[in-house]
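Everything below concerns the one structure shown next.
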Amino acid sequence: MANKVLIVDDAAFMRMMIKDILTKNGFEVVGEAQDGSVAVEKYEELKPDLVTMDITMPEKDGIQALKEIKAMNPNAIVIMCSAMGQQAMVIDAIQAGAKDFVVKPFNAERVLEAINKALG
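The sequence shown finishes on residue 120 if you use full-length UniProt numbering, and the numbering steps up by one all the way, no holes.
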């Protein structure tokens with residue numbers, strides 16, 4: 001059975017890029033969210049196996065959404081996505097429970113490596 005993934009990013013083209021990488025490699029994208037608030041709602045509703053989460057977003061950032069998802073499900077698997085130069089935020093994300101992080105612009109192999117490693 002394909003692993004179900006929720007993609008969270010405020011940029012539609014970034015969501016499209018990740019979705020393209022994942023669907024070509026046998027993952028099922030069950031939902032997308034454009035900010036942290038929607039991400040938390042969709043996580044609860046869709047119960048994905050994995051979440052890719054942008055850090056910098058309007059409304060609620062990825063780290064706050066990560067904390068709320070981890071509070072809901074301590075075993076949630078979340079991979080953070082960040083632009084270059086956000087190392088401090090990445091450290092916060094890992095401390096908050098993120099499994100890994102991928103730097104934008106995305107490298108398909110790196111995305112898949114992070115996801116496969118996180119899923120064990």
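No residue lacks a Cβ here, since even glycine has one placed at the ideal position from N, Cα and C.
Bear in mind that the values here come from a model prediction, so they are computed numbers and not experimental data.
Boundaries cannot be given for Met57, as no beta strand (DSSP E) includes it and DSSP labels it neither H nor E.
Apart from sequence neighbours up to five positions away, the residues of its chain that approach Pro48 with a beta-carbon distance below 6 Å are Lys4, Val5, Leu6 and Val30, ordered along the chain. Just so you know, the alpha carbons of Ile77 and Phe106 end up roughly 19 Å apart.
The beta carbon of Met17 sits closer than 7 Å to the beta carbons of Phe106 from its chain, once the five residues preceding and following it are set aside; these are given in chain order. Apart from sequence neighbours up to five positions away, the residues of its chain that approach Asp92 with a beta-carbon distance below 7 Å are Ile63, ordered along the chain.
When the beta-carbon positions are compared, Ile21 and Val103 stay at least 7 Å from each other.
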